[in-house]
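To convert, note that position 437 of the sequence shown is 1305 in the working numbering; the numbers rise steadily by one, no gaps. We treat Cβ as the ideally placed atom computed from N, Cα and C, and that holds for glycine. None of these values were measured; they are calculated from a predicted model. Here's the structure we're looking at; comments come further down.
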Amino acid sequence: MSAQRKAADEENKEVFSEEEEDLEEALREAATTTAARTKSGLSKQQVISKIPEVVDDFLRNFLRRSGLSRTLNSFEAEWYSSAQTLLTETLMPATPTTGIFFIPDALTHRQLLHSELERIRRETHQLRQEVLAAGESMVRMQRERDFHRLQYRQVAKDKNRLIEDFKQLKKHLESYEPALRQLDDKYQAALRQKMLISLEKDRVQNNSEARLNHEKTQIKKERSITRSDNTDKAESPKTRRPKSSQFPICSRRVSPNLDPPRSLSLSCSIRAHKLPISCISLHPRKLILSSTSDDHRRGYKMGEKTNQTNHIFFHPDGSKLATTSGDTTVRLWDLCQGCCVSTLSSHSQPTWGCSFHSCDHFMASCSADRTIKLWDLNSQCCCLTLRRHTASVNSVCFLPFSNLLLSCSADKTLALWDARLGVCTTTLSGHLHPCNHAAFSLAGDIMASCDSHGVVNLWDIRRPVSAVATVDAGPLGANHVVFSPSGQTLAVASSDRLVRLVEGDSCAVSSLSGHSDCVQSVTFDHSGDTVMSAGSDGLINVWSEHKEAVTETS
């Protein structure tokens, strides 16, 4: 096809070249004739600008049909005699100065067609180039498509192989789950049995060990007096280091059964802080209440702190108190001096709660770094770190007169720890939402926990498999729970501005209303007849039996 096209193009070029040569010859002859006619002196009126080619034929045919033969003969004689003159006049300019040539219509039309043909040829050549480029681009894209298609098939094969491997590994893991569950159950049962045996052993040896401890303390005091007399001369106080304490073997003692509070009413309201109160704590023997707030001040006026104080707790002897803070530290404050006497820093994130052991020498703290730390107050160092929870540990509490430690976390679980051995004996799962706080009763047989949706669970420490009772104090969160000294009444601080009292036997719920914002903390007095609550409105409300409401400002 390309050879035929080339041959046709060559033939067209030859024809066009011949026609151009004929046109040039005709123009030369026309110029010569015009010059001769100018010399002969023909008038300008006889110049005819344009004669259509078909007029003469039309006239001849008309005269023949009309039968005008003589007119036809005269017309032909005159026409043919002046044909040469007419041709010269049409090719020459009308005036010598105009420079305009009158070309017959057929030649003009042919020239126009020739120009159009050249334009079409150029466009055809351009389109041919574009088609070739598009063809090359299409071939290149087809190659890339085939390459990516092969890559996709390879990736799909790898994906299917990985899916099969994942399914096999999942089946393999599921085959191990019953054995792991069985081993975990055996481990938990062994820990519980070990804890019960140790508690029983502690109860049996309580009296004998109490005597031995008393005798040992007397001997130690005498020896310490003797040693102090000898060592004071040889060693200065600055070089002496505090000795680490030994974790005691404790047996739980049951507190006396006190009557639960009856119907309560708001007796007074104290404006303690300008900003929300986060926690309150009562002195173990005196009617002294300490509070912490977002304004970085404590209710006992022991100075300011640059970070928010989250929790406050009195030392068992009442001479100190501990605070937790957003600066990741736990601080000990002296009530007499009104200053910080010790700063315990080992947590990596804000600390939320703390609790003192009954022996006065140890304290536990919990933090958002998911750990619980046991502190030796004599050496002021961390002696043990407990790790079990998978989220922030929000509260920690020692069982009175025991080494058992209770913690609750945002991972919706509670944990019982043997603080002396540093192991988790039981994990309690019953909440569907993050746990905010947990507490023991003073008798030590019941535990209570609350979560961010207002659900309060009661647990039996002897059978901590599932909650023995559930109280719905929602739909807003429950922030703090505390038992009365008798253990028969539970107070709950709720985010719906109410303090709820739950009776232990019947789980009957009553409400105390007096706050204008969330209630953050609640506590009982030593007799259990008075309830004190603090909230985000900066108020401390005191509830007692049948007293008129009084508002005070402090």
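Query raised in the report: Relative to the alpha-carbon of A1232, which residue among D1202, T1192 and L940 has its alpha-carbon at the smallest distance?
Result: T1192
Query raised in the report: What's the gap between the Cα of L1289 and the Cα of G1382?
Result: 45 Å
Requested in this report: Tell me T1253's beta-bridge partners as DSSP assigns them.
Outcome: K1241
Query raised in the report: Would you say A1306 and C1265 are within 8 Å of each other, going by their C-beta atoms?
Result: yes
Requested in this report: Thinking L1212 and L1203 are a contact (beta carbons under 8 Å), I'd like their distance in whole angstroms, please.
Outcome: At roughly 18 Å, the Cβ-Cβ gap does not stay under 8 Å, so L1212 and L1203 are not in contact.
Report task. Run through the region 1189-1232 for me and flag every whole alpha helix (DSSP H) of 4 or more residues, listed as ranges in chain order. Result -> none
Report task. Please name the residue, chosen from Q1388, S1412 and V1209, that lies closest to G1396 on a Cα-to-Cα basis. Result -> S1412
Report task. Pull up the distance between the alpha-carbon of K1280 and that of L1143, whole angstroms please. Result -> 29 Å
**Report entry** Residue range of the unbroken alpha helix (DSSP H) whose run includes R1330
**Finding:** Careful: R1330 lies outside any alpha helix (DSSP H) and carries neither H nor E.
Query - First through last residue of the beta strand (DSSP E) which encompasses F1269 - result: Element bounds for F1269: n/a, residue is neither H nor E.
Report task. For C1251, I'd like the list of residues in its chain whose CB is within less than 6 Å of its CB, leaving aside the five on either flank, ordered along the chain. Result -> L1242 and D1244
Requested in this report: For G1403, collect the residues of the same chain with a Cβ closer than 6 Å to its Cβ; drop the 5 residues on either side in sequence, then sort them by chain order.
Outcome: The answer, listed in chain order, is H1383, D1385, C1386, V1387 and Q1388.
Query raised in the report: What does a CB cutoff of less than 7 Å around D1340 pick up in its chain, not counting 5 residues either side in sequence?
Result: So the qualifying residues of the chain are G1322 and V1323.
Requested in this report: Confirm, please, whether the CB-CB distance from T1253 to C1234 is below 8 Å.
Outcome: T1253 is positioned such that its CB atom lies no closer than 8 Å to that of C1234.
Report task. Give every residue of the same chain whose Cβ lies closer than 7 Å to the Cβ of P1184, excluding the five residues on either side of it in the sequence, and list them in chain order. Result -> P1152, F1224, S1226 and D1228
Report task. Classify H993 as buried or exposed, calling it buried when 16 or more other Cβ atoms lie within 10 Å of its own Cβ. Result -> exposed
**Report entry** H1257 versus S1263 - alpha carbon distance
**Finding:** 12 Å
Requested in this report: Measure from the alpha carbon of V1350 to the alpha carbon of each residue in S1362, L1059, L1037 and R1255, then state which is nearest.
Outcome: Comparing C-alpha distances from V1350 to each of S1362, L1059, L1037 and R1255 shows the shortest one belongs to S1362.
Report task. Less than 8 Å between the CB atoms is what I'm expecting for P1332 and T1391, so what's the real figure, rounded? Result -> So it is not a contact: roughly 25 Å between Cβ atoms.
Query raised in the report: Just curious, the alpha helix (DSSP H) that R938 is in, first and last residue?
Result: S937 to S949
Query - Boundaries of the beta strand (DSSP E) in which H1179 is found, first to last residue - result: T1177 to F1182
Query - Among T1160, D1319, N1304 and S1374, nearest to S1401 - alpha-carbon criterion - result: Out of T1160, D1319, N1304 and S1374, T1160 has the C-alpha closest to the C-alpha of S1401.
**Report entry** Spatial neighbours of Q1061 in its chain, beta-carbon cut-off 7 Å, leaving aside the 5 residues before and after
**Finding:** none
Query - Same chain, Cβ closer than 6 Å to L831, neighbours up to 5 away in sequence not counted - result: No information on residue 831 is available, as it lies outside the stretch 869 to 1422 that the chain covers here.
Report task. Report the three-state DSSP secondary structure of K1106 (helix, strand or coil). Result -> Reliability of the predicted coordinates at K1106 is poor, the pLDDT of 43 falling under 50, and the value obtained from them is presented with this limitation in mind. Residue state, collapsed to three classes: coil.
Report task. In the DSSP assignment, find the unbroken beta strand (DSSP E) run with E1371 in it and report its ends. Result -> L1366 to E1371
Query raised in the report: Comparing alpha-carbon positions, which option in V1360, L995 and W1201 lies nearest S1378?
Result: V1360
Query - 7 Å CB neighbourhood of L1344 in its chain, flanking five on each side removed - result: G1322, S1362, S1363 and D1364
Query raised in the report: Taking 7 Å as the cut-off, does the CB of K1069 come closer than this to any heavy atom belonging to the ligand SAH?
Result: Absence of the ligand SAH from the depicted structure is noted, as is the absence of any ligand whatsoever, leaving it without description.
Query raised in the report: Could you check where the beta strand (DSSP E) with G1403 kicks off and where it finishes?
Result: V1399 to G1403 is the extent of the beta strand (DSSP E) around G1403.
Query raised in the report: Would you report the Cα separation of R1008 and Q997, rounded to the nearest angstrom?
Result: 17 Å
**Report entry** Residue range of the beta strand (DSSP E) that includes S1158
**Finding:** L1157 to S1161
Query raised in the report: Roughly how many angstroms separate the alpha carbons of H1141 and K1154, rounded to a whole number?
Result: 22 Å
**Report entry** Whole-number beta carbon distance between D1319 and C1303, since they are thought to touch under 8 Å
**Finding:** 5 Å
Query raised in the report: Whole-angstrom Cβ separation of T1357 and L1369, contact assumed at under 8 Å?
Result: 6 Å
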